[in-house]
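Some notes on the structure that comes next.
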Amino acid sequence: MSETLILSQTLLWVVVVVLIISNILLLRQVGVLYERIAPAGALATNALLGKGTLVTPRIENDISDRKIKIGGEHSDGKSQLLFFAAPDCPVCKSILPALRSLAAKEKETVELMLASAGEERSEHLDFIVREGLADFPYILSDQLGMEMGVSKLPYAVLINPDGKVASFGLINTREHLESLFEAQQRQVVSLQEYMHGGDAA
1 MSETLILSQT LLWVVVVVLI ISNILLLRQV GVLYERIAPA GALATNALLG KGTLVTPRIE
61 NDISDRKIKI GGEHSDGKSQ LLFFAAPDCP VCKSILPALR SLAAKEKETV ELMLASAGEE
121 RSEHLDFIVR EGLADFPYIL SDQLGMEMGV SKLPYAVLIN PDGKVASFGL INTREHLESL
181 FEAQQRQVVS LQEYMHGGDA A
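Residue 51 in this note's numbering sits at position 51 of the sequence shown, with consecutive numbering throughout.
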C-alpha cells in the first residue's frame with residue numbers, strides 16, 4: 001500500500017514537472033510568435049527622406065487645375081498624407097477603399113492628396129471616376145515622385161503640420177496605411193524602428 005502511494009506521488013510530481021516545462025516552452029513560443037506577427041508597418045525604404053526632413057513648400061496644380069500646397073507649415077493644424085498610386089497598379093486599387101475610409105475618419109486632422117505620374121490625363125481621369133477619388137486633390141507629376149524618393153507603388157508620405165516628414169513607406173495593406181499614423185504618434189519613422197528599439201526623434 002505504501003509503495004503504491006509513493007509511486008503515485010512520484011508519478012504526480014513527474015507530471016507536475018513536465019507541465020511546468022511545457023508551460024515554459026509554450027511561453028517561449030508565444031514570444032517568438034509575437035515577434036513574427038507583430039505589426040511590421042509600412043516598409044520605410046527611401047534614399048531621400050528621413051524622419052523630420054523638411055518638405056520645402058511647393059504649389060502644384062492638380063488634374064482639375066486646383067492649386068495645391070504640399071509641405072511647409074499649415075496653420076489649420078492638419079497633417080498631409082501624400083499617397084502615390086497609378087491606374088495600372090492592382091495593389092493600389094485594393095488599398096483605395098481603406099484610404100477613402102481613413103480620409104473620412106481623419107478629415108479633421110489629415111488632408112489626403114493623391115499623386116501619380118504619366119501624361120495620359122484621360123487614363124487618370126477614368127481612374128478617378130472609377131475609384132471614387134473626385135473629392136481629393138490628384139496631382140500628376142513625375143518630379144514630385146522623384147523628389148520624394150518613390151521607387152515602388154503604392155507609397156505614402158505623411159507630413160506633419162509643421163511641414164516635416166512624420167513617416168513614410170510602401171503600402172500593401174490597410175495595416176501598413178494605419179501604421180504611418182501609429183509611427184507619427186510614437187515619433188518614429190516606422191513601426192519596424194519602434195519594434196526594434198529605435199530611439200524616438
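Built from N, CA and C at the ideal position, the CB exists for glycine as well.
- Looking at the backbone, the Cα of residue 67 and that of residue 186 are separated by about 32 Å.
- Comparing alpha-carbon positions, the option among 141, 93, 128, 183 lying closest to residue 115 turns out to be 141.
- Around the Cβ of residue 51, a 10 Å sphere holds 16 or more other Cβ atoms; the residue is buried.
- When secondary structure is reduced to three states using DSSP, residue 80 falls in the strand class.
- The closest CA to that of residue 105, considering only 120, 181, 122, is found on 181.
- Residue 103: member of the alpha helix (DSSP H) spanning 90-105, first to last residue.
- In the DSSP annotation of this structure, the continuous segment of the alpha helix (DSSP H) that includes residue 181 starts and ends at 174-186.
- Just so you know, the alpha carbons of residue 124 and residue 184 end up roughly 30 Å apart.
- The DSSP-derived three-state label of residue 146 is helix.
- When Cβ pairs closer than 8 Å are counted between the two stretches, the segment 61-77 is seen to touch the segment 162-180, the count reaching three or more.
- Residue 54 has 164 as its beta-bridge partners, per DSSP.
- The C-alpha of residue 9 lies about 12 Å from the C-alpha of residue 17.
- C-alpha of residue 135 to C-alpha of residue 176: approximately 23 Å in a straight line.
- In its chain, beyond the 5 residues on either side, 92, 114, 116, 153, 154 have a beta carbon closer than 7 Å to the beta carbon of residue 85.
- With fewer than 16 other beta carbons inside 10 angstroms of its own, residue 129 counts as exposed.
- Taking all protein chains in view, the Cβ of residue 143 is surrounded by fewer than 16 other Cβ atoms within 10 Å, so the residue is classified as exposed.
- In the three-state scheme derived from DSSP, where H, G and I count as helix and E and B as strand, residue 141 is classed as coil.
- Only exposed fits residue 118, as fewer than 16 other CB atoms lie within 10 angstroms of its CB.
- Per DSSP, residue 48 lies in no alpha helix (DSSP H) segment and is marked neither H nor E.
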